[in-house]
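Heads up: the sequence lines are chains V and S, in that order. According to our numbering, the first sequence is numbered sequentially starting from 1. According to our numbering, the second sequence is numbered sequentially starting from 420.
Protein chains: 2
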Amino acid sequence: MHGSTFQALTVETLPQRLGPVAAVAERVGGQPSAWKVREVGDGNLNLVFIVEGEKAAVVVKQALPYVRLVGDSWPLPLKRSFFEYHALTRQEKRAPGSVPAIYHFDESQALIAMEYLSPHIILRRALIQGRQLPRIAEDLGLFMARTLFRGSDLHMPTRERKADLALFADNTELCDITENLVFTDPYFAAPMNRHTPELDPLVAELRADRNLKVEAQKLKHLFAAKAETLVHGDLHTGSVMVTDGDTRVIDPEFAFYGPIAFDVGMLLANYWMAFFSQRGHEEQGSREAMRAYLLQVIEETWAVFRAEFARLWRTERTGMLYHRSLYEDQGDTLGAEQALSHLIHEVWTDMLGFAGVEIHRRILGLAHNADFETIEDTGSRASCEGAALKFGRHIAVNRRHIHSLAEINHLAQSLDKGL
Amino acid sequence: MHGSTFQALTVETLPQRLGPVAAVAERVGGQPSAWKVREVGDGNLNLVFIVEGEKAAVVVKQALPYVRLVGDSWPLPLKRSFFEYHALTRQEKRAPGSVPAIYHFDESQALIAMEYLSPHIILRRALIQGRQLPRIAEDLGLFMARTLFRGSDLHMPTRERKADLALFADNTELCDITENLVFTDPYFAAPMNRHTPELDPLVAELRADRNLKVEAQKLKHLFAAKAETLVHGDLHTGSVMVTDGDTRVIDPEFAFYGPIAFDVGMLLANYWMAFFSQRGHEEQGSREAMRAYLLQVIEETWAVFRAEFARLWRTERTGMLYHRSLYEDQGDTLGAEQALSHLIHEVWTDMLGFAGVEIHRRILGLAHNADFETIEDTGSRASCEGAALKFGRHIAVNRRHIHSLAEINHLAQSLDKGL
Chain V
1 MHGSTFQALT VETLPQRLGP VAAVAERVGG QPSAWKVREV GDGNLNLVFI
51 VEGEKAAVVV KQALPYVRLV GDSWPLPLKR SFFEYHALTR QEKRAPGSVP
101 AIYHFDESQA LIAMEYLSPH IILRRALIQG RQLPRIAEDL GLFMARTLFR
151 GSDLHMPTRE RKADLALFAD NTELCDITEN LVFTDPYFAA PMNRHTPELD
201 PLVAELRADR NLKVEAQKLK HLFAAKAETL VHGDLHTGSV MVTDGDTRVI
251 DPEFAFYGPI AFDVGMLLAN YWMAFFSQRG HEEQGSREAM RAYLLQVIEE
301 TWAVFRAEFA RLWRTERTGM LYHRSLYEDQ GDTLGAEQAL SHLIHEVWTD
351 MLGFAGVEIH RRILGLAHNA DFETIEDTGS RASCEGAALK FGRHIAVNRR
401 HIHSLAEINH LAQSLDKGL
Chain S
420 MHGSTFQALT VETLPQRLGP VAAVAERVGG QPSAWKVREV GDGNLNLVFI
470 VEGEKAAVVV KQALPYVRLV GDSWPLPLKR SFFEYHALTR QEKRAPGSVP
520 AIYHFDESQA LIAMEYLSPH IILRRALIQG RQLPRIAEDL GLFMARTLFR
570 GSDLHMPTRE RKADLALFAD NTELCDITEN LVFTDPYFAA PMNRHTPELD
620 PLVAELRADR NLKVEAQKLK HLFAAKAETL VHGDLHTGSV MVTDGDTRVI
670 DPEFAFYGPI AFDVGMLLAN YWMAFFSQRG HEEQGSREAM RAYLLQVIEE
720 TWAVFRAEFA RLWRTERTGM LYHRSLYEDQ GDTLGAEQAL SHLIHEVWTD
770 MLGFAGVEIH RRILGLAHNA DFETIEDTGS RASCEGAALK FGRHIAVNRR
820 HIHSLAEINH LAQSLDKGL
């Protein structure tokens, strides 16, 4: 199947097509005809199969030439699989153990065979169920600091970074999705938008909010033009698989060179949405402890990210930016610390902005979150979503004037109680 | 000579080698053996020939595989000619009439045959002579606004911009020169630096200036990561040819996708250096009027740039950023004006920073300016340079707190008088 015309796999054709691929067949074991194959893709874009044989199970992910959520009226190039593969290899190198192992990549079939993570579940589902995962704050804080620092001119040889920037610049269609669906469509009556009807008055208010609309576009400008580092590009709680003891980041097909703050903002936004959605999931008991846990995860994620970023700044700042020759080598360690403070401050400020618009697009745009969508009563859902929308507006517009997570988490609690 | 191994042209070999190229031979006219060829390159990097025949004269610019200023110990790839060619074609499209016409490009010979501009002279030389050019503020203000606006996501289809970004991302060696020679080397005792000896105490002070060194690196970070638009990349007064009635921008081999503010800052920095150097050129008479002229040019250049940028914002904002669907189409013209104000404010702030470091590197780094270098008395030269260094430090470090050119031009006058 190498180099051949693209053909979507099916549960039926997969064994015969991947049987000849030694890297897959040897790992799965037994006769391909005896493999058990299930299609489990629940994302918006791709096919995902679990293939089980005598020895082990393997995941096979295949891109489709269109957006699965919408259908073939919305074509999307297969090359996103190429970008996913290259992002995964870079993430594994920069943050070892944080992503699934890759066994096989077939560019023309837009297909990646990778580690079957078990008994992992999608982090978003765990949070909806009210599960408290003990490792996510530390694991994802480290993942972000390591991938984002080590993929930037703070660490990489700049020639290598520029070549990589050029490679990923071709991931235009997926960037285009983010550019439109995250930063623009939610702020006017774009055709593919939808929202819970009870939100109509608030939605009208937000779409008439000049400061918000200017800020959203400034953030889009940052997203499009600030080519700082290789970002995951879609780091929400649906792109993380967890057990109590392990955390893995999946699905980096939106990867490109963008702002350090983007991944951080998107992840925290999804925690905040998990927080605001808890009240809609209280039929089987109070989620008070879960809410406290989520706010704690947010504070700890940022603290771990910041501490690890600072550690790397002090020990791995080998790139062309803020070079030691200007600071430490001249006995001016404080100069390097000053620059670090300024840089982290900028990441903080931009992170709040990206978080705000990510919250908005998940409630006002095309791609909604299961956190809210699984709340069946639309009145209850709108109440959760409304608090989240107000919170998103607050942090996006006031991002230059917010000092601490303690301060905004307090605001989140007040809004959640119906402020 | 197409596709053949690179060979540097000489005055002797040029007619025989370019004779067979119809685009050149027909324009020059007559027998190639009768062409008059002069080598006139006075820049740091390339060969430049003027070829005259029966009908007309043509300029032939050829890159060398090393830095001409330093010699073959510093290799530099020929592909810079490719980037120059592509930058020239884009500039001509975005700001018609602002660059020389191109007659022929040979990639393997790194050679561009282009319009011979006559009686144009290099703007820097004119300013050293004390000539007041009536058109430069308007022409260059328009050139910058048009090329920088139309090459950004404010105007271009973003796919096209991203493909172009990837193309120019390969211009690493020339970006590398700017990254090191402009933003880093001047701020420590780098091997290739030199400065007028009388400046020793001030140089020591600047190299111990923590705020300045942090700011210089923040500007380097912006330069390297803010891929907003196709910039000229080396827009100083040595890259402009002028008559009283015409202004042309040449030598865009440093072109890449960078911040809008970079070209503006570099150009104004070179006007400020021309201003500070005037006192060293007063043997043949006062340069008082020339100083006033230069400060006026600076104010007018910025005013023209801002006005044209605003006009294009209102009439050609067809790209994906700050799209009309969010503002004008919703009756919120003020929303678009608000976003414009914020964007111009950012360009202003960054422009001052880039201007400050450009002044420093021309006095402390490898590549100095004839404005100062032609002042033979080193005491007088150091006095001019010292005022410029202090001015550069002031605008770079305080760039977020400076409101107007009137304010800093007043400071320039005070420093020039020995404040």
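Note that the Cβ used here is the ideal one computed from N, Cα and C, for glycine as well. This structure is a prediction, so every number in the text was calculated from the model and none was measured.
Beta carbon proximity, residue i to chain V, threshold 8 Å
i: residue 772 (chain S); result: no
i: residue 420 (chain S); result: In this predicted model, residue 420 (chain S) has a pLDDT of only 44, less than 50, meaning its place in the structure is not dependable; the value taken from the coordinates is given anyway. Cβ-Cβ to chain V under 8 Å: no for residue 420 (chain S).
i: residue 527 (chain S); result: no
i: residue 758 (chain S); result: yes
i: residue 739 (chain S); result: yes
i: residue 595 (chain S); result: yes
i: residue 633 (chain S); result: yes
i: residue 603 (chain S); result: yes
i: residue 744 (chain S); result: yes
i: residue 545 (chain S); result: no
i: residue 498 (chain S); result: no
Outcome for residue i when other beta-carbon atoms lying within 10 angstroms are tallied against a minimum of 16
i: residue 61 (chain V); result: buried
i: residue 241 (chain V); result: buried
i: residue 220 (chain V); result: buried
i: residue 211 (chain V); result: exposed
i: residue 93 (chain V); result: exposed
i: residue 417 (chain V); result: exposed
i: residue 331 (chain V); result: exposed
i: residue 414 (chain V); result: exposed
i: residue 88 (chain V); result: buried
i: residue 232 (chain V); result: buried
i: residue 726 (chain S); result: exposed
i: residue 598 (chain S); result: buried
Expected contact under 8 Å - CB spacing of residue i and residue j to nearest Å
i: residue 593 (chain S); j: residue 672 (chain S); result: 6 Å
i: residue 700 (chain S); j: residue 811 (chain S); result: With 8 Å as the limit, residue 700 (chain S) and residue 811 (chain S) do not qualify as a contact, their Cβ atoms being about 20 Å apart.
i: residue 776 (chain S); j: residue 601 (chain S); result: 6 Å
i: residue 539 (chain S); j: residue 720 (chain S); result: Residue 539 (chain S) to residue 720 (chain S), Cβ: 19 Å. No contact.
i: residue 668 (chain S); j: residue 551 (chain S); result: Contact flag wrong, Cβ pair sits at about 19 Å.
i: residue 683 (chain S); j: residue 611 (chain S); result: The pair is not a contact, with the Cβ atoms about 27 Å apart (cut-off 8 Å).
i: residue 656 (chain S); j: residue 708 (chain S); result: The pair is not a contact, with the Cβ atoms about 18 Å apart (cut-off 8 Å).
i: residue 196 (chain V); j: residue 385 (chain V); result: 6 Å
i: residue 485 (chain S); j: residue 495 (chain S); result: 6 Å
i: residue 491 (chain S); j: residue 738 (chain S); result: Not quite, the Cβ-Cβ distance comes to about 43 Å (not below 8 Å), so this is no contact.
i: residue 644 (chain S); j: residue 198 (chain V); result: Their Cβ separation, rounded to whole angstroms, is 42 Å, which puts residue 644 (chain S) and residue 198 (chain V) out of contact at 8 Å.
Proximity test, Cβ basis, 8 Å: residue i and chain S
i: residue 342 (chain V); result: yes
i: residue 380 (chain V); result: no
i: residue 420 (chain V); result: Absent from the model: residue 420 (chain V). The displayed extent of chain V is 1 to 419, so no value can be given.
i: residue 263 (chain V); result: no
i: residue 159 (chain V); result: yes
i: residue 273 (chain V); result: no
i: residue 232 (chain V); result: no
i: residue 358 (chain V); result: no
i: residue 195 (chain V); result: no
i: residue 210 (chain V); result: yes
i: residue 221 (chain V); result: yes
i: residue 172 (chain V); result: yes
i: residue 205 (chain V); result: no
i: residue 228 (chain V); result: yes
Residue i, DSSP secondary structure in three states
i: residue 230 (chain V); result: strand
i: residue 519 (chain S); result: coil
i: residue 489 (chain S); result: coil
i: residue 534 (chain S); result: strand
i: residue 300 (chain V); result: helix
i: residue 134 (chain V); result: coil
i: residue 8 (chain V); result: coil
i: residue 847 (chain S); result: Within the shown structure, residues of chain S are numbered from 420 to 838, placing residue 847 (chain S) beyond reach of any answer.
i: residue 359 (chain V); result: helix
i: residue 835 (chain S); result: helix
i: residue 407 (chain V); result: helix
Interface flag, residue i vs chain C, CB-CB below 8 Å
i: residue 22 (chain V); result: Reference to chain C is not applicable here, since the protein chains of this structure are V and S.
4-residue-minimum alpha helix (DSSP H) runs that sit fully inside the segment 158 to 182 of chain V, ordered along the chain | Counting only runs of 4 or more, we get 158 to 168.
Continuous beta strand (DSSP E) assignments of at least 3 residues falling wholly in the segment 625 to 676 of chain S | 648 to 650, 659 to 661, 666 to 668, all fully within the segment 625 to 676 of chain S.
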